[in-house]
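Enquirer:
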Amino acid sequence: MEEFKKTFKKFVDVIKKPEMKILPGQLSYYFFLSLIPMITLLGFITSMFDSAHVQLINITTNLFPREVASILTPFFTGRGIDANVVIFMITGFVVASNGPHSIIITSNTLYKIEHSDYLKRRIKAIFLTMLLIFLLIFTLIVLAFGN
Numbered sequence: 102m103e104e105f106k107k108t109f110k111k112f113v114d115v116i117k118k119p120e121m122k123i124l125p126g127q128l129s130y131y132f133f134l135s136l137i138p139m140i141t142l143l144g145f146i147t148s149m150f151d152s153a154h155v156q157l158i159n160i161t162t163n164l165f166p167r168e169v170a171s172i173l174t175p176f177f178t179g180r181g182i183d184a185n186v187v188i189f190m191i192t193g194f195v196v197a198s199n200g201p202h203s204i205i206i207t208s209n210t211l212y213k214i215e216h217s218d219y220l221k222r223r224i225k226a227i228f229l230t231m232l233l234i235f236l237l238i239f240t241l242i243v244l245a246f247g248n
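Counting with the numbering used here, you get residues 102 to 248 for the letters of the sequence shown.
#1: Taking the CB atoms as reference points, tell me whether Gly200 and Ser135 lie closer together than 7 angstroms.
#2: Expressed to the nearest angstrom, what Euclidean distance is found between the alpha-carbon atoms of Thr161 and Lys107?
#3: Assuming Pro201 is part of the alpha helix (DSSP H), what are its boundary residues?
#4: Just verifying my parser: in three-state terms, what is the DSSP assignment at Met102?
#5: Assign Tyr131 to buried or exposed, taking buried as 16 or more other Cβ atoms, counted over all protein chains shown, within 10 Å of its Cβ.
#6: How is Ser140 classed by DSSP in three states: helix, strand or coil?
#7: What's the gap between the Cα of Gly193 and the Cα of Thr230?
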């Protein structure tokens with residue numbers, strides 16, 4: 102019981118910190134801002150697989166409003182890799198990694214961990230973004246082909 106009281110007191114102390122008034126808003130802003138590039142990157146990556154086109158288009162048209170689905174559907178049909186696609190993918194990963202980058206900064210600030218240099222944080226954020234995209238692809242494949 103004493104251990105629970107200590108843990109609860111630490112939890113309350115963290116919630117009362119002045120950073121907690123600012124950081125959750127910034128965190129949610131960057132996370133939701135990174136969703137559209139992440140969905141677009143997901144579409145580009147899945148367009149490289151032949152069998153996922155029809156299922157992904159069906160999921161998109163059923164899940165999103167008609168206008169949003171009409172914007173996202175061309176990304177799923179694929180157009181090959183050229184310079185424009187590579188530039189878009191790099192830009193998309195940088196923009197989509199703002200959410201995980203914000204999570205890294207928020208965690209470091211809350212737990213009073215010294216911030217590492219910008220490039221190291223950005224590489225971690227891009228890695229987390231790619232991991233999240235691969236998890237979403239895996240989930241879509243399991244939903245499309247699983248029983």
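All C-beta atoms, glycine included, are put in the ideal place defined by N, C-alpha and C.
Expert: Walking through what the data contain:
#1: yes
#2: 47 angstroms
#3: Asn199 to Leu211
#4: coil
#5: buried
#6: A small fix is needed here, since residue 140 is Ile in this sequence, not Ser. Of the three classes helix, strand and coil, the one that applies to Ile140 here is helix, per DSSP.
#7: 10 angstroms
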